[in-house]
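*Asks:*
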Amino acid sequence: MAADVRFAEAMIPHHRQALEMAGLAAGRTENPLVTAVASRVADGQRPEIAAMESWLRALGRTPPPGHDHGTSDQGTGDQGTGGYGMASEEELTRLRTARGRAFDELFLTLMIRHHEGAVRMAAEELRQGRDRTMRTMAQDVVSGQQIEIARMRGLQRRPG
Numbered sequence: 000m001a002a003d004v005r006f007a008e009a010m011i012p013h014h015r016q017a018l019e020m021a022g023l024a025a026g027r028t029e030n031p032l033v034t035a036v037a038s039r040v041a042d043g044q045r046p047e048i049a050a051m052e053s054w055l056r057a058l059g060r061t062p063p064p065g066h067d068h069g070t071s072d073q074g075t076g077d078q079g080t081g082g083y084g085m086a087s088e089e090e091l092t093r094l095r096t097a098r099g100r101a102f103d104e105l106f107l108t109l110m111i112r113h114h115e116g117a118v119r120m121a122a123e124e125l126r127q128g129r130d131r132t133m134r135t136m137a138q139d140v141v142s143g144q145q146i147e148i149a150r151m152r153g154l155q156r157r158p159g
């Protein structure tokens, strides 16, 4: 059960950061395909956050507030969420100020790294977790975010 709790408590702030990044797209991109990626992120991760928060509350635990930016480490550590592709505050500031193609490139780069981190986190849950609900959530994260990573990589390769 400890692995399941760690997964939920780490994935909630991780997803919240993805929502923050996705929320920036509407005012900064002119590419409808980037807008569509951002919409899919929001549509997929909001209900997952709600489900994990509900699951934690049922255990008598308080869901974590906000998100922590970790470090820009390209994501391999296992402390908090910093090792799972989280954007640093400096990277988020660059994303907030970027517009047009510069936004698109940075958004896709950061979101791919972010999704890759979520897949690693979910894979750890699948190896160590025991709770059926959290394992199902982890499998959904792996399958859904791998599809999104492939779509985003395709967008990166498209000429402007």
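Numbering (numbering that gives the first Met the number 0), first residue to last: 0 to 159. The beta carbon of each residue, even a glycine, is placed where N, CA and C say it ideally should be.
Can you grab the Cα-Cα spacing for the pair Ala-37 / Ala-21, in whole Å?
*Replies:* Taking the sequence shown and counting its residues from 1, one reaches residue 37 at position 38. Taking the sequence shown and counting its residues from 1, one reaches residue 21 at position 22. Distance between the alpha carbons of Ala-37 and Ala-21: 4 Å.
*Asks:* What did DSSP end up calling Met-20 once you bin it into helix, strand or coil?
*Replies:* Translated into the one-based positions of the sequence shown, residue 20 becomes position 21. Correct three-state label for Met-20: helix.
*Asks:* Roughly how far, in whole angstroms, is the beta-carbon of Asp-3 from the beta-carbon of Gly-128, given that I think they are within contact range, below 8 Å?
*Replies:* Walking along the sequence shown from the start, residue 3 turns up at place 4. Walking along the sequence shown from the start, residue 128 turns up at place 129. Contact holds; Cβ gap of about 5 Å.
*Asks:* When the Cα atoms are used, what is the spatial distance from Ala-49 to Arg-98?
*Replies:* Here residue 49 refers to the residue found at position 50 when the sequence shown is read from its first residue. Here residue 98 refers to the residue found at position 99 when the sequence shown is read from its first residue. Going by the C-alpha atoms only, they are around 31 Å apart.
*Asks:* Can you list, in chain order, the residues of its chain with a C-beta nearer than 8 Å to that of Val-118? Leave out the 5 residues immediately preceding and following it.
*Replies:* In the sequence shown, counting from the first residue as 1, residue 118 sits at position 119. Once the five neighbours on either side are set aside, the close Cβ partners of Val-118 are Val-140, Val-141, Gln-144, Gln-145 and Ile-148.
*Asks:* Ordered along the chain, which non-local residues of its own chain (more than five positions away) have a Cβ less than 8 Å from that of Gln-78?
*Replies:* Residue 78 sits at position 79 when you count from the first residue of the sequence shown. Bear in mind that the predicted position of Gln-78 carries a pLDDT of just 38, short of 50, making it unreliable; the figure below should be weighed with that in mind. Excluding positions up to five away in sequence, the list is empty.
*Asks:* May I ask you to verify whether the stretch 90 to 97 touches the stretch 120 to 127, counting CB pairs closer than 8 Å and requiring at least 3?
*Replies:* Too few Cβ pairs lie closer than 8 Å, so no.
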